[in-house]
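S.K.: Offset between the sequence shown (1-based) and our numbering: plus 102. From the three backbone atoms N, C-alpha and C, an ideal C-beta is built for every residue, glycine too. None of these values were measured; they are calculated from a predicted model. Attaching a single structure in structure tokens format; questions to follow.
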Amino acid sequence: MKDTFIIANKKFNSRLIVGTGKYKNFEETAEAVKASGADIVTVAVRRVNILDKNQPLLMDYLDSKTITYLPNTAGCYSSEEALRTLRLAREMGGWRLVKLEVLGDKKTLYPNMIETIKSTEVLVKEGFEVMVYCTDDPTITKKLEDVGACAIMPLGSPIGSGIGIQNKKKISIIKEQSSVPVIVDAGVGTASDATIAMELGCDGVLLNTAIAEAKRPILMAESMKFAVLSGRKAFLAGRMKKRKFASASSPEENLI
103 MKDTFIIANK KFNSRLIVGT GKYKNFEETA EAVKASGADI VTVAVRRVNI
153 LDKNQPLLMD YLDSKTITYL PNTAGCYSSE EALRTLRLAR EMGGWRLVKL
203 EVLGDKKTLY PNMIETIKST EVLVKEGFEV MVYCTDDPTI TKKLEDVGAC
253 AIMPLGSPIG SGIGIQNKKK ISIIKEQSSV PVIVDAGVGT ASDATIAMEL
303 GCDGVLLNTA IAEAKRPILM AESMKFAVLS GRKAFLAGRM KKRKFASASS
353 PEENLI
């Protein structure tokens, strides 16, 4: 059965998206991305060297011909900052597919959804294809879709927390009502978290810290690849019905 992952009319092989921050160096970043099998990597425009040729460039380690770069607005706390950052990214690299996040405060790193919706509307009108990091409020995510977001990215739990998917019911509702891809973004700590997100029916998972801060990042990256694949297959297979009481796995007819 053909199972394609499409964002903004572009097909991707992997449903795992990985970040490029927090690694020891670019060599480790490249190894982790390769082990993950990811086709898309996020890049914090405000934090990564893109122009200074005298300093190491991420593009020297991850070939933009085979990897899709997803510029993001990590570290932006207002619509103005986010818009300026993504306009700069388009000028520098011609990127139109972008990840928008407008944070509310530095302690929780929860998104400011008023600023996020406002930014999404402007970016869509300017021709960007906007994947949006957001809260797990189904009403808000529907509004984002209505104003043109090409993918909805609700948090599973706070950024970098690693405590897993804390809001299964809300994410399930968001997926059921959305006609664009739903990608869990933030909170994944280990492979089982990624599997749970995919078993809920999500179209993909985005993570960074879970790999970069693992004791063995490359091995964790590989585990995330298989976790996403496994969760997706389980969702497509359709899990068994939950029962209140036990149900014998062997037939009870014609017993000896």
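Go ahead and label Arg334 buried or exposed: buried means 16 or more other beta carbons lie within 10 angstroms of its beta carbon, across all protein chains shown.
M.R.: Under this definition Arg334 is a buried residue.
S.K.: Ignoring anything shorter than 4 residues, give me the alpha helix (DSSP H) runs that lie fully in the segment 181-216, in order along the chain.
M.R.: Counting only runs of 4 or more, we get 181-195.
S.K.: Taking three-plus beta-carbon pairs below 8 Å as touching, is the segment 268-278 in contact with the segment 302-313?
M.R.: With the cut-off at 8 Å, the segment 268-278 and the segment 302-313 touch.
S.K.: Examine the Cβ distances between the segment 112-119 and the segment 140-147 and report whether three or more of them are shorter than 8 Å.
M.R.: A contact exists between the segment 112-119 and the segment 140-147.
S.K.: With respect to the beta strand (DSSP E) encompassing Ala296, which residues constitute its N-terminal and C-terminal limits?
M.R.: Not the beta strand (DSSP E): Ala296 falls in the alpha helix (DSSP H), residues Ala293 to Glu301.
S.K.: Starting from Gly121, follow the alpha helix (DSSP H) in both directions and report where the run begins and ends.
M.R.: Looking at the DSSP string, Gly121 is not in any alpha helix (DSSP H); the run it does join, the beta strand (DSSP E), is Leu118 to Gly121.
S.K.: Name, in chain order, the residues that DSSP records as bridge partners for Ile142.
M.R.: Per DSSP, Ile119 and Thr170.
S.K.: With C-beta atoms as the reference, is Thr168 less than 9 Å away from Ala146?
M.R.: No, these two residues do not count as a Cβ contact at 9 Å.
S.K.: Under the rule that 16 or more other beta-carbon atoms within 10 Å means buried, what is Phe347, buried or exposed?
M.R.: Exposed, because fewer than 16 other Cβ atoms sit within 10 Å of the Cβ of Phe347.
S.K.: Just grab the DSSP bridge partners of Ala253 for me.
M.R.: According to DSSP, Ala253 bridges with Met233.
S.K.: Less than 9 Å separating the beta-carbons of Gly264 and Thr311?
M.R.: A contact, by the Cβ cut-off of 9 Å.
S.K.: Restricting to Cα atoms, I'd like to know which of Tyr125, Ala132, Ser138 and Phe107 is closest to Met326.
M.R.: Nearest C-alpha to Met326: Ser138.
S.K.: Which of the three DSSP states is assigned to Leu159 in this structure?
M.R.: Leu159: coil per DSSP, three-state reduction.
S.K.: My understanding is that Val282 touches Glu247, with C-beta atoms under 8 Å, so please give their C-beta distance in whole angstroms.
M.R.: About 6 Å separates the two Cβ atoms, so the contact holds.
S.K.: Going by DSSP, which residues form a beta bridge with Lys113?
M.R.: Paired residues: Ile108.
S.K.: Starting from the Cα of Thr292, find the closest Cα among Asp238, Leu321, Leu160 and Lys272 and give me that residue.
M.R.: Checked all of Asp238, Leu321, Leu160 and Lys272; the closest Cα to Thr292 is Leu321.
S.K.: Among the residues of its own chain, which have a CB less than 7 Å from the CB of Leu62, if the five just before and after it don't count?
M.R.: This structure does not reach residue 62, given that the chain is present from 103 up to 358, and the question cannot be answered.
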